[in-house]
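Numbering (the working numbering), first residue to last: 189 to 288.
All C-beta atoms in this analysis are idealised placements derived from N, C-alpha and C, irrespective of residue type, glycine included.
These figures come from a predicted structure and were not determined experimentally.
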């Protein structure tokens with residue numbers, strides 16, 4: 189699936205996107221371009237009825253990537269203070285150079 193319509197949403201603590209292509213059956217496929225853009229690797233994955241959650245590694249920092257098909261949203265959350273700094277960096281970087 190070609191990456192498209194990744195719309196950054198305002199958030200202080202996450203890197204959050206509206207992703208209209210997201211549905212209950214394609215979260216992994218839709219999120220793969222984001223993982224590739226971030227050069228993040230998946231450490232663990234869990235799928236629930238309404239949400240898919242990945243523990244990811246971004247340059248040595250562990251973050252949570254979540255996708256909720258009911259809200260068509262995808263976001264990256266910090267797990268600790270180091271992650272907060274990484275999220276702030278990524279949000280700033282994304283607003284200047286939106287890659288998708």
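Straight-line CA distance for residue i to residue j?
i, j, result
"residue 259", "residue 280", "24 Å"
"residue 230", "residue 197", "23 Å"
"residue 251", "residue 206", "19 Å"
"residue 268", "residue 262", "19 Å"
"residue 274", "residue 286", "16 Å"
"residue 214", "residue 276", "28 Å"
"residue 210", "residue 254", "12 Å"
Does residue i come out as helix, strand or coil in the three-state DSSP assignment?
i, result
"residue 220", "helix"
"residue 245", "strand"
"residue 282", "helix"
"residue 196", "strand"
"residue 266", "strand"
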